[in-house]
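Below is one structure; the comments refer to it alone.
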Amino acid sequence: MRKDFGKKTVITPLPVLILATYDENGVPNAMNAAWGGQWDANEIFVSLSTHKTTDNLKVNQAFTVSFADVDHVKEADYFGIASGHKLNKIERVGFHTVKSAHVNAPIIEEFPLTLECVVKELQEDKTGFILIGEVVNMSADESILTDGKIDLAKLRPISFDSAANEYRVLGDSVGAAFSCGKEFFGD
Ligand SMILES: Cc1cc2nc3c(=O)[nH]c(=O)nc-3n(C[C@H](O)[C@H](O)[C@H](O)COP(=O)(O)O)c2cc1C
């Protein structure tokens with residue numbers, strides 16, 4: 000037996016992306032965004048309502064995206080329930096930023112993996128914006144590397160569970176991609 004839920008949409012896993020931007024005075028801001036993902040080899044997209052972040056994107060045409068991790072769940076959630084229109088959220092949670100060497104946007108030092116992006120498109124429609132960003136650099140703290148490569152087991156990124164309104168940690172590897180299905184090819 001299957002149960003119909005009508006138009007309710009659950010996509011899983013949803014990422015917990017932290018978009019960081021500067022405002023016109025160089026004050027850094029961070030917001031939580033789950034409705035986003037990879038758009039092309041070196042491009043990402045995010046569906047956005049109107050926020051301090053979208054104001055900042057218009058001003059500087061640049062942003063960074065970090066991946067919220069187990070160690071910073073509460074801070075990541077705060078970035079999604081408070082607005083930079085009212086206060087400096089990054090200062091409030093005690094995080095630190097440095098300016099990206101590649102784009103005019105802040106890198107939040109507490110998050111070990113960050114994509115540094117320029118705005119390729121910021122399309123406005125009746126409900127908000129579709130942001131497409133071109134990744135010009137990816138930087139990672141050495142603490143999440145194994146043999147020089149990104150190790151998600153060390154990063155421990157979280158995902159947003161929109162069915163239960165919870166954050167969940169990404170689990171163990173359960174198979175090699177582009178490979179573990181080969182047994183079905185037959186001879
Ligand atoms: C789990 C979670 C996911 C969210 N995903 C999005 C999203 O994909 N797009 C969006 O516009 N807002 C999203 N939000 C809401 C924004 O993060 C929130 O409105 C925030 O206050 C905006 O910050 P700002 O005004 O400082 O830019 C999300 C919030 C949470 C808690």
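Heads up, the sequence shown is in numbering that gives the first Met the number 0, so the first residue is 0 and it goes up one at a time. Virtual Cβ for every residue (Gly too), placed ideally from N, Cα, C.
N-terminal and C-terminal residue of the beta strand (DSSP E) that Val102 is part of: Here the question's residue 102 lines up with position 103 in the sequence shown. For Val102, there is no enclosing beta strand (DSSP E), since its DSSP letter is neither H nor E.
In three-state DSSP terms, what is Gly79? In the sequence shown, the residue the question calls residue 79 occupies position 80. Looking at Gly79 - three-state DSSP - the assignment turns out to be helix.
Tell me which residue opens and which closes the alpha helix (DSSP H) that Val45 is part of. Locating residue 45 in the sequence shown gives position 46, counting from the first residue. Val45 -> not in any alpha helix (DSSP H); beta strand (DSSP E) instead, spanning 42 to 47.
According to DSSP, what are the bridge partners of Cys179? Counting from 1 along the sequence shown, the entry for residue 179 is found at position 180. None, per the DSSP bridge assignment.
Under the DSSP definition of a beta bridge, which residues are partnered with Asp39? Position 40 of the sequence shown, counted from the start, is the residue given in the question as residue 39. Answer is Glu42.
Supposed close pair Trp189, Ile107 - CB separation, criterion 8 Å: The structure shown has nothing for residue 189, since the chain only spans 0 to 186.
Just to check my reading of the structure: Ile157 and Val9 have Cβ atoms closer than 8 Å, yes? What is that Cβ distance to the nearest angstrom? Taking the sequence shown and counting its residues from 1, one reaches residue 157 at position 158. Taking the sequence shown and counting its residues from 1, one reaches residue 9 at position 10. Not a contact, Cβ separation roughly 17 Å.
Cα-Cα separation between Ile43 and Phe94, rounded to whole angstroms: In the sequence shown, counting from the first residue as 1, residue 43 sits at position 44. In the sequence shown, counting from the first residue as 1, residue 94 sits at position 95. A direct Cα-Cα distance of roughly 25 Å separates Ile43 from Phe94.
What does Gln122 pair with, by DSSP beta-bridge criteria? Translated into the one-based positions of the sequence shown, residue 122 becomes position 123. Per DSSP, Ile129.
Assuming Cys116 contacts Val92 under a Cβ cut-off of 8 Å, what Cβ separation, rounded to an integer in Å, is found between them? Against the sequence shown, residue 116 aligns to sequence position 117. Against the sequence shown, residue 92 aligns to sequence position 93. 22 Å between Cβ atoms; not a contact.
Ordered along the chain, which non-local residues of its own chain (more than five positions away) have a Cβ less than 6 Å from that of Phe66? To locate residue 66, count along the sequence shown from 1; it is residue 67. Excluding positions up to five away in sequence, the list reads Leu112, Pro156.
For ligand 1, any of its heavy atoms closer than 7 Å to the Cβ of Ala104? As a working note, residue 104 is residue 105 in the sequence shown. Every heavy atom of ligand 1 is 7 Å or more from the Cβ of Ala104, so no.
Beta carbon of Asn31, beta carbon of Ala61: below 8 Å? Numbered from its first residue, the sequence shown carries residue 31 at position 32. Numbered from its first residue, the sequence shown carries residue 61 at position 62. Going by C-beta atoms, Asn31 is not nearer than 8 Å to Ala61.
Hey, would you say Ser161 sits closer than 8 Å to Leu13, going by beta carbons? The residue labelled residue 161 in the question sits at position 162 within the sequence shown. The residue labelled residue 13 in the question sits at position 14 within the sequence shown. Cβ distance < 8 Å, so Ser161 and Leu13 count as in contact.
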